[in-house]
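A.B. asks: One structure, pasted below without further comment.
In structure tokens:
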């Protein structure tokens, strides 16, 4: 009894066609094979073969940086290092990358406690041991948790306010020393072609941190409690709203605050930006640049300079952690010529190594030297316990206060709730 | 006037043309049309203008209607810019567009045919299971889809860009409905000659449905070329960016060259405008037949 | 095998003729049909399982766990993520943003695309030209349109088109995308979507208009109906019902999933952030909170389904494509 007989119409030709179709589908799959152009970071373990490492950078604005990064990577003898240069929202891309199985072995970023809790980074105490003293205490602290160092500072980026000396002189204004001075200076410098100051297309969120510190507050206190909740902080944030409401800030520029185009093109008289932009500004404006720190709230307080920058980490998910650590040590601790090149030849950054910073001739004159001095006097660094979620809540508060004119105390209370929830999640 | 319009033979809603304003109404309507045309073509004018200008032309304090010297050099500037992976992104978009469209149509048409024409006990249940996925808005599953795809190791790869998008419940639904209405006589004739399901599908049904396929192909290709959220999520590495992701990324980059970016925009819409020019008829047919775009 | 059993054989079919044939084919066909069914439908179903059902289920599971920076569930928290999301003022405000957006876009799209359809349908010359012009923007992506809007039309500085026009009228520059009061950012956000999709819905309406039989109108005039608004309201609009329903439902579902233009035009700001942008920022941004993100995504999915069903019930589902 013939059991199942294939449909009478199934001839050999049809069978070929059917398998042909499946083969085509298989070819489709194969053709789209992984072709990221990066060497796979798996394998290459022991056995003498050179390890393959992938190193992620964000997209630096200065020309020549990508080539330099690739140059350093190529010069490394003990592994094949592939550089991924990431434009756009680097934080988001990095976060997704660390989540997937195709993330970096070595990457730059900003340290926070979530990276340790989620096991994303490895401690680097062993390679840092000999050179710890050559780093600024603030940079060490900002990358340390529970006594272990997790990252190596690559560059220091102070953020200050640069202004056009000629425009201030013409209007007869002295460089502002308090926040109120800043607000009135911006108002006076605003004409119908030029705005007083550019602080970002979002109205000034980037100045929220400096404003907080200039009122004497801080993100988190030494015992990890919210440090932004008192009345003076509320006052400082209110001043930011005042600045926004005075209509003397530039909004809707094609690029954001980190790009000096606005001040270079004469759209504004002052701009909040980092020292990285100084060479570009000098090219466009020559000597017509002066610098002030974010001004103090009042006589009781101090001005504030956010001393940011970028830090190098080794991914805990990397299959080649030892090789990665060796590379990081080679580039960011041993090769001082590369470090100097990176810090000074593409935009200005303060070299994190004290020894390098001391002999950096480019930073010893002009507005760059002024900026360095301001950083030494008034600089503050990030608190590692400040997580991205807290930062988002803080940012929301700033947006509501600055743009919507909401009551600072009420908004601070909202942010405080989120921050406290995060703190109890992290510290119990 | 309205009478003469009707006697041209084409069925037209009388609507406004019988407006009590008569002649003036006609003039007003033409003015409205003219304004609408200007507004709709304005962005294309901007693309052309900016793509062929220098940065100074664009940012000048007074509006330059059109650059005095057409900067065709912007094209080579764009493709030589090492920060913008233009050629690679175009290639990725082309691969995603062609392979993705072909794959989607293949899978959906076969599924639709199977559901419409092959008797199977559980066919209805399978059909409802497919339709059920339409109820979950596609964009809401991008988070877990990313998780699944990344655990397959397909992040930053063309595989990851194409394969998850090949299974369009909507296309399968459309094909099923379409095949249900396909003239059975043609299929029966082939079966009498001994053709099986495969033969009937490939030798009879598909060749006689080419306009429908063309319409869906055009719509699907445009959708794939223009899609943004999924390529954004999957494209970690810049070598796996599609053209949409590349353009979007350069807006948030450290510096913007507006003329370069608009040249990129101009280049990116060329294939679609071409499809438009040649396949507009099918596109419109497809839209009216399906009532939905992607 | 020529014994007269229930299973007809080849011999039977020849001798007993036509009536036997269908049954034979069906019986033998059943086993063959199952195989063929799965040949045709199988790959598709497999893909759907892996790339639609699996993610949904995984997301559902993950939504009951605490998941930061990880996609593997480890710490069970029950419904806490859902509660958190429903109490999250950012999430709620994103739903509000979407609602305002829908209130703008759905009626405007409906009215304007219908108006365009009526206009285009009534011209005698160059109708194809007009139709093409209005339909052409669908060839552009949201990314492309957002870039044009953001950098060249509605940027806040003096060389944007909108501000240039304002300058001719003697008005100051407006920072379109950054100004919260008055909320000017709605203008670019709504117009970009209108530009992109009016042509598409216009085509739908034109098809619907052309299906209306002219005898209806003639009968109406014979009955003394006044031309213009009356005819439109009592003849044209009701005849367009099926198309109108399709347009409204499609429009609303698309508006719920607005992401591309918000992401590219205005970014992640807390005052104009639709649900998808918010969910993207908390799951795949720097916060990497996949537990809450998954919960939020499922809440959103449920809301969309409910609204679609409600809308269908209220308006009555037209046949797809009418």
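Residue numbers (this note's numbering), protein chains in the order written: chain A, 39 to 466; chain B, 5 to 298; chain C, 883 to 1204.
Every residue gets a Cβ at the ideal spot worked out from N, C-alpha and C, and that includes glycine.
What does residue 1024/C reach in chain B if we use C-beta pairs closer than 8 Å?
C.D. replies: Here the neighbours are 230, 232.
A.B. asks: Please report how far the alpha carbon of residue 1089/C lies from the alpha carbon of residue 1109/C, in whole angstroms.
C.D. replies: For residue 1089/C and residue 1109/C, the distance between alpha carbons rounds to 22 Å.
A.B. asks: Do residue 987/C and residue 1072/C have their C-beta atoms within less than 7 Å of each other?
C.D. replies: The answer is yes: Cβ separation under 7 Å.
A.B. asks: Nearest to residue 158/A by CA position, among 312/A, 351/A, 279/A, 276/A, is which residue?
C.D. replies: Of the listed residues, the one whose Cα sits closest to residue 158/A is 351/A.
A.B. asks: Say whether the stretch 217–236 of chain B touches the stretch 1014–1025 of chain C, bearing in mind that this needs 3 or more beta-carbon pairs closer than 8 Å, one atom from each stretch.
C.D. replies: Touching, per the Cβ criterion.
A.B. asks: Whose CA, out of 958/C, 938/C, 914/C, 1030/C, lies closest to the CA of residue 1147/C?
C.D. replies: Looking at the Cα atoms, 1030/C is the closest of the given residues.
A.B. asks: Less than 7 Å separating the beta-carbons of residue 100/B and residue 246/B?
C.D. replies: The answer is yes: Cβ separation under 7 Å.
A.B. asks: Using a beta-carbon distance below 7 Å, is residue 291/A in contact with chain C?
C.D. replies: For residue 291/A, the answer is yes, since a Cβ of chain C falls inside 7 Å of its Cβ.
A.B. asks: Would you kindly report the start and end of the unbroken alpha helix (DSSP H) that includes residue 349/A?
C.D. replies: Note, residue 349/A: premise wrong, no alpha helix (DSSP H); beta strand (DSSP E) at 343–352.
A.B. asks: Can the beta-carbon of residue 446/A be found closer than 7 Å to that of residue 249/A?
C.D. replies: No.
A.B. asks: With DSSP as the reference, identify every bridge partner of residue 96/A, one or two as the case may be.
C.D. replies: In DSSP, residue 96/A forms a bridge with 124/A.
A.B. asks: According to DSSP, is residue 104/B part of a helix, a strand, or is it coil?
C.D. replies: Three-state DSSP puts residue 104/B in a helix.
A.B. asks: Should residue 185/A be flagged as near chain B, meaning a C-beta pair shorter than 7 Å?
C.D. replies: Closer than 7 Å: no.
A.B. asks: Whose C-beta lies closer than 6 Å to the C-beta of residue 293/A among residues of the same chain, with five residues either side of it excluded?
C.D. replies: So the list reads 299, once near-sequence residues are dropped.
A.B. asks: Which residues mark the beginning and the end of the beta strand (DSSP E) in which residue 196/A is found?
C.D. replies: From DSSP, the beta strand (DSSP E) with residue 196/A extends over 190–202.
A.B. asks: Buried or exposed for residue 132/B, please, with buried defined as at least 16 other CB atoms from any protein chain shown within 10 angstroms of its CB.
C.D. replies: By the 10 Å Cβ count, residue 132/B comes out exposed.
A.B. asks: Taking CB distances under 7 Å as the criterion, tell me whether residue 82/A reaches chain B.
C.D. replies: Per-residue confidence for residue 82/A stands at a pLDDT of 38, beneath the threshold of 50, marking its modelled position as unreliable; no derived number is given.
A.B. asks: Less than 7 Å between the C-beta atoms of residue 431/A and residue 453/A, yes or no?
C.D. replies: In this structure, residue 453/A lies closer than 7 Å to residue 431/A by Cβ.
A.B. asks: Check residue 159/B in the structure and name its three-state DSSP category.
C.D. replies: Note: residue 159/B maps to coil in three-state DSSP.
A.B. asks: Flag residue 74/A as yes if its beta-carbon sits less than 7 Å from any beta-carbon of chain B, otherwise no.
C.D. replies: At residue 74/A the pLDDT is 31, less than 50, meaning the model places this residue with poor confidence; the figure from the coordinates comes in the next sentence. Yes, because at least one Cβ of chain B sits closer than 7 Å to the Cβ of residue 74/A.
A.B. asks: Output yes or no for whether 7 Å exceeds the beta carbon distance between residue 189/A and residue 344/A.
C.D. replies: No; because the gap between Cβ atoms is not below 7 Å, this pair is not in contact.
A.B. asks: Residue 1011/C: beta carbon under 6 Å from a heavy atom of the ligand MN?
C.D. replies: In terms of ligand content, the structure shown is empty, and the ligand MN therefore cannot be addressed.
A.B. asks: Count the other CB atoms within 10 Å of the CB of residue 197/B; is the residue buried (16 or more) or exposed (fewer)?
C.D. replies: It counts as exposed.
A.B. asks: Excluding sequence positions up to five away, which residues of its chain have a Cβ less than 7 Å from the Cβ of residue 119/A?
C.D. replies: Taken in chain order, the residues that qualify are 91, 93, 111, 365.
A.B. asks: Checking the sheet assignment: what are the DSSP bridge partners for residue 939/C?
C.D. replies: None; residue 939/C has no bridge partner.
A.B. asks: For residue 170/A, decide whether its Cβ has a neighbour in chain B, counting only Cβ atoms nearer than 7 Å.
C.D. replies: Chain B, which has no Cβ nearer than 7 Å to the Cβ of residue 170/A, makes this no.
A.B. asks: Cα-Cα, which of 175/B, 103/B, 237/B is closest to residue 1162/C?
C.D. replies: Considering only alpha carbons, the answer is 237/B.
A.B. asks: Residue 1168/C and residue 426/A: beta carbons closer than 7 Å?
C.D. replies: Against a cut-off of 7 Å, the Cβ pair of residue 426/A and residue 1168/C comes out as a contact.
A.B. asks: Spatial neighbours of residue 269/A within its chain, please: C-beta separation below 8 Å, excluding the five flanking residues on both sides.
C.D. replies: Correct list, in chain order: 447.
A.B. asks: Which residues of chain B have a Cβ atom closer than 8 Å to the Cβ of residue 1027/C, listed in chain order?
C.D. replies: Per Cβ cutoff of 8 Å: 47.
A.B. asks: Mind reading off the beta-carbon distance from residue 290/B to residue 222/B? Whole number of angstroms is fine, and I expect it under 8 Å.
C.D. replies: Indeed they touch by this definition, with Cβ atoms about 6 Å apart.
A.B. asks: From the beta carbon of residue 123/B, is the nearest beta carbon of chain C less than 7 Å away?
C.D. replies: With 7 Å as the cut-off, residue 123/B counts as an interface residue toward chain C.
A.B. asks: Please report the distance separating the alpha-carbon of residue 412/A from that of residue 310/A.
C.D. replies: For residue 412/A and residue 310/A, the distance between alpha carbons rounds to 14 Å.
A.B. asks: Within 10 Å of its beta-carbon, does residue 123/B have 16 or more other beta-carbons around it, so buried, or fewer, so exposed?
C.D. replies: Residue 123/B is exposed by the Cβ-count criterion.
A.B. asks: Grab the span of the alpha helix (DSSP H) containing residue 145/A for me, first residue to last.
C.D. replies: It is not in any alpha helix (DSSP H) - residue 145/A instead sits in the beta strand (DSSP E) that spans 144–147.
A.B. asks: Determine the closest residue to residue 952/C out of 255/A, 113/A, 135/A, with distance taken between C-alpha atoms.
C.D. replies: Minimum Cα distance to residue 952/C is reached at 135/A.
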